[in-house]
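Residue numbers (this note's numbering), protein chains in the order written: chain A, 110 to 168; chain B, 3 to 245; chain C, 18 to 217; chain D, 203 to 424. In this text, a Cβ means the ideal position worked out from N, Cα and C, and glycines have one as well. See structure below.
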Amino acid sequence: MALGPYQSFIVTSYALVGAVVALLIVWIAVDYRRQKARLRELEASGITRRSGRTATDMS
Amino acid sequence: MTLIDLANPTRFLSLTAKVLPWLAGATAVLLIVGLYQSAMAPDDYQQGATVKIMFIHVPNAWLAMFVWGIMSVAALGTLVWRHPLADVAAKAAAPIGAAFTFLALVTGSLWGRPMWGTYWEWDARLTSVLILFLMYLGLMALWRAVEDPSRAARAAAILTLVGAINLPIIKFSVDWWNTLHQPASVMRMGGSSLDRAFLVPLLVMAIAFSLLFITLHLAAMRNEILRRRIRTLQMMQAGRPTV
Amino acid sequence: MRLVGRRLRCVRGGREVFSDLDFSVLSGEALAVTGRNGAGKTSLLRLIAGLLVPAAGQVAVEGGSDELTTAEQAHYLGHRDALKPALSVRENLSFWRDFLGGARGDTLPALADVGLDHIAHLPAAYLSAGQRRRLSMARLLAVRRPIWLLDEPTSALDAAGQALFARLMDDHLRLGGLIVAATHAPLGIAVRDLRIGGPA
Amino acid sequence: MTALTALIRRDLHVALRVGGGALIGVLFFLTVVVLMPFAVGPDLALLKRLGPAILWLGALLASLLTLDRLFTADHDDGSLDLIVMSRTPLELACAAKALAHWLAAGVPLIVATPVLGLLLNLDGAATLAVALTLLAGTPALTLTGMIGAALAVTMHRGGLLLAVLVLPLSIPVLIFGVAASNAAISGADAFGAPFSILCALSLASLVIGPVAAAASLRHGLD
């Protein structure tokens, strides 16, 4: 695949989009783990929601 | 599963848990197909290979506006219907929308450099997208500035709606402002005049990016719901009698 | 050591708040400054803390450190809690401990003394007024200073909090500290009264 | 030293956490610079010529905007009383607060400069020159602005009064900052002379700023 004289521009834009999207995914995944861990910590210390269900309960 | 059911954050979480893997998978498949097709697409007779930037630029630009639209609907949900998930949706969408807007600007500028000979032109379309980007950042700053999310939600909702009304105005005023000084740069790729060889990969990429947004948005909403639960639990913890 | 004020005169906003005020507090002694609103209780504390300059007279510490000013040997617990809502309970306390030159080490014991150790990691924004006051009190424990200047120290505290604070003040006095407190309510410890501004 | 590092760390934490204003300054900077072409027109040649001036003005206004809360926040929650009373010299505490403010609010402006340089059609060397002058000059803005912030506390008036007090003080910084950037761009004049003066201004304000701020805090408390 020949990209012509402006190859670097094309490659840079694709790489940048890839990088930013990857960053978004990583951020959201890390955030999810952190929130989960903190919820578990809170539950371990005996705090529950008023409804009596556990906060990590997904069902 | 109706909208009423979705109002319950716990139901929403369980639905998200079921749907997310499928969405992520579909996004990945479509992205791969889209990237393959973009790579195989022929060169444009005028732009050469740089036309390939279009396949990622246009979906990002489309999402930049689409996400603001989603946030506007969510803002209505906050202000009018008081839907409990509306401000969660609005807050979670803002950073993702800002990222897509940023990418639209950068890929546009990388496309513009070989085509127009400059990275940046104070052209109507570019300028209004830049202002959109600034508005995203302002909205994120607003969310960050107020510690209590339900109070921040109303302010952010109003700002989002004003921004939604303002965007076309900005677009037109910028058009008017700029044409006084210099002719607007013509985007050669008009949607309708596009050749099938470009149109198909572009559409696939657009759908793939939209799916990507929905996946990220649902995941970010889930994080936000958990964050609020933690906040409530911590407040309860603080309120327990000290021994 | 002894904290003395001689012929103090305080003028604020062109109005004389009090004049010719004398007092003296010994180690192990607590002075309760009483008087009607506007009599200058807070002003007196701020004069001692060096936050206000007296129009006449002086405040001195006898038998304390020669190199340090009165303010530098004192803790001031004012109306405002000097807490940052964005920082956690523990971060707030360890900042003041480091900034005021307290001994390095865990801040948890001091938090436990005021009954906040179970929420050490929470942002101070989540605390109630009484809890914020308790956190400010922890500052007095984390850094040792002989002189405690307390402005309405028990105002936001519940009965348990007041009893706790009385115990802490008692400990401080027994270790040779001295206390000057502006107050309306009884502090729960043996005090000497200093009434300013005439009868209420 | 522990006391000062603790103060710097606290101020940085407060600025960067939820509710902190560190990034608002950058956002303001971006917005001001983006507004400029609407006022002067999208003529790239003109923007290129005005670029350093626009960037400097934007940085000046942005650093002013965030300086407002430098002492008032501590005054409002009572921290300032304890800082004044402490064994740490107030001058050093002021300098530490200025450093923390510069790290949280000044450095992001410098980081944002290359992007804005692109928008204003400045080439790489010119953008670098502006960023360099901002790096040398923004400490002076923070440190002189701090005097105004301290005065604003003692007068119980923030915001606009601060602007009125501080803007005239920043004129020399503005002159030499823009002069140095323009010299680097045109290449006609020597870059060194105005740049050295800019650095000298920052160093001088490093001495004057904390001393003046501490003095006005000490005399103005009540």
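Task: Straight-line gap, D/A328 to D/A255 (C-alpha atoms, nearest Å) - done: Straight-line measurement puts the Cα of D/A255 at about 12 Å from the Cα of D/A328.
Task: Of the residues B/M56, B/I72, B/A26, the one placed nearest A/F118, counting alpha carbons only - done: That would be B/M56, whose Cα lies nearest to the Cα of A/F118.
Task: Residue closest to C/L157, alpha-carbon to alpha-carbon, out of C/L69, C/V76, C/S82, C/P170 - done: With distances taken between Cα atoms, C/L157 lies closest to C/P170.
Open item on the list: What are the residues in the stretch 250-280 of chain D lying within 9 Å of chain B by C-beta distance?
Closed with: Flagged: no residues at all.
TODO: Name the residue from B/R231, B/W145, B/A41, B/P23 whose alpha carbon lies nearest to the alpha carbon of B/L204.
DONE: Ranking the options by Cα distance to B/L204, first place goes to B/A41.
Open item on the list: Against chain D, with Cβ distances strictly below 8 Å, would B/Y138 count as a contact?
Closed with: No, B/Y138 does not count as interfacial toward chain D.
Task: Cutoff 6 Å; reference D/L238; Cβ partners in own chain excluding five residues on either side - done: Looking at the sequence provided, one finds Met at residue 238 of chain D rather than Leu. Once the five neighbours on either side are set aside, the close Cβ partners of D/M238 are I256.
- [ ] Could I get the ranges of all uninterrupted beta strand (DSSP E) runs contained in the stretch 82-125 of chain C, with 3 residues as the minimum, in chain order?
- [x] Listed in chain order, they are 91-94.
- [ ] List the residues of chain C whose Cβ lies closer than 9 Å to the Cβ of B/E149, in chain order.
- [x] Residues of chain C passing the Cβ test: P102, A103, P140, A142.
Task: Bridge-paired residues (DSSP) for C/I164 - done: In DSSP, C/I164 forms a bridge with C/A91, C/L195.
TODO: Would you be able to state if there are at least three C-beta pairs under 8 Å between the stretch 120-133 of chain A and the stretch 99-119 of chain B?
DONE: Contact holds: three or more Cβ-Cβ distances are below 8 Å.
Task: Candidates B/A28, B/E123, B/I58: closest to A/A124 by CA position - done: The residue from B/A28, B/E123, B/I58 with its alpha-carbon nearest to that of A/A124 is B/I58.
Open item on the list: Measuring only the C-alpha atoms, how far is C/K58 from C/G214?
Closed with: Cα to Cα, C/K58 sits roughly 9 Å from C/G214.
- [ ] Give me the Cα-Cα distance between B/L201 and B/A96, rounded to the nearest whole angstrom.
- [x] Each residue's alpha carbon lies about 29 Å from the other.
Open item on the list: Do B/A63 and B/Y77 have their beta-carbon atoms positioned less than 8 Å apart in this structure?
Closed with: Just to set this straight, residue 77 of chain B is Ala in the shown sequence, not Tyr. At least 8 Å separates the beta-carbon of B/A77 from that of B/A63.
TODO: Answer yes or no: does any C-beta atom of chain B fall closer than 8 Å to that of C/I136?
DONE: Closer than 8 Å to some Cβ of chain B, the Cβ of C/I136 qualifies, so yes.
Task: Candidates D/I312, D/D325, D/A392, of which the one nearest D/P341 by Cα - done: When the alpha-carbon of D/P341 is set against those of D/I312, D/D325, D/A392, the nearest one is in D/I312.
Task: Nearest-angstrom Cα separation, counted from B/I227 out to B/N10 - done: Straight-line Cα distance between these residues: approximately 11 Å.
- [ ] Please report the residue range of the alpha helix (DSSP H) in which A/G127 lies.
- [x] Run containing A/G127: 116-153, per the alpha helix (DSSP H) assignment.
- [ ] Using three-state DSSP, classify B/D89 as helix, strand or coil.
- [x] DSSP places B/D89 within a helical segment (H, G or I) once states are collapsed to three.
Task: Residue burial classification, B/R190 (beta-carbon count within 10 angstroms, cutoff 16) - done: Bear in mind that a pLDDT of 45 at B/R190, under 50, signals an unreliable position, so the number given afterwards is only what the model happens to contain. By the 10 Å Cβ count, B/R190 comes out exposed.
TODO: Give, in chain order, every unbroken run of the beta strand (DSSP E) that is at least 3 residues long and sits entirely within the stretch 27-64 of chain C.
DONE: Whole beta strand (DSSP E) segments, 3+ residues: 32-43, 47-51.
Task: With 16 other Cβ atoms within 10 Å as the buried cut-off, status of B/G79 - done: Burial state of B/G79 is buried, judged by a 10 Å Cβ sphere holding 16 or more other Cβ atoms.
- [ ] Could you spell out the range, first to last residue, of the alpha helix (DSSP H) harbouring D/D279?
- [x] Here D/D279 belongs to no alpha helix (DSSP H), and DSSP marks it neither H nor E.
- [ ] Identify the contact partners of C/A66 in chain D, using a Cβ-Cβ distance below 9 Å as the criterion.
- [x] Neighbours of C/A66 across chain D, judged by C-beta separation under 9 Å: D283, V286, M287.
TODO: Please classify B/P61: is it buried, with 16 or more other beta-carbons within 10 angstroms of its beta-carbon, or exposed?
DONE: Burial call: buried.
Open item on the list: According to DSSP, simplified to helix, strand and coil, what is C/G22?
Closed with: C/G22 falls in the strand class under three-state DSSP.
Open item on the list: Strictly under 8 Å for the Cβ-Cβ distance: is D/V368 near chain C by that measure?
Closed with: So, not an interface residue.
TODO: Using a Cβ cut-off of 8 Å, pull out every chain D residue sitting near C/D98, in sequence order please.
DONE: Near C/D98 (Cβ distances below 8 Å), the residues of chain D are D279, G280.
- [ ] Specify, as a first and last residue, the run of the alpha helix (DSSP H) that D/E293 falls within.
- [x] Looking at the DSSP string, the run of the alpha helix (DSSP H) that includes D/E293 is 292-303.
- [ ] Could you tell me whether any Cβ in chain G is nearer than 8 Å to the Cβ of B/Y38?
- [x] Looking for chain G here will not work: the only protein chains present are A, B, C and D.
TODO: List the whole-angstrom C-beta distance separating D/V236 from B/L132, where the pair is believed to meet the contact cut-off of C-beta under 8 Å.
DONE: Going by Cβ atoms, the distance from D/V236 to B/L132 rounds to 6 Å, so yes, they are a contact pair.
Task: For C/A183 and C/I206, the rounded distance between their alpha carbons - done: If I take the Cα positions, the gap works out to 6 Å.
- [ ] Measure the C-alpha to C-alpha separation of B/H183 and D/T204 and round it to an integer number of angstroms.
- [x] Note that B/H183 scores a pLDDT of 45, beneath 50, so its modelled location is shaky; the value from the coordinates is reported in the next line. For B/H183 and D/T204, the gap between their C-alpha atoms comes out near 58 Å.
Open item on the list: Does C/Q75 pass the burial test, meaning 16 or more other C-beta atoms within 10 Å, or should it be called exposed?
Closed with: A residue is called buried once 16 or more other Cβ atoms fall within 10 Å of its Cβ, and C/Q75, having fewer, is exposed.
Task: Identified DSSP bridge partners for C/V76 - done: In the DSSP output, where bridge partners are listed per residue, C/V76 has C/G22.
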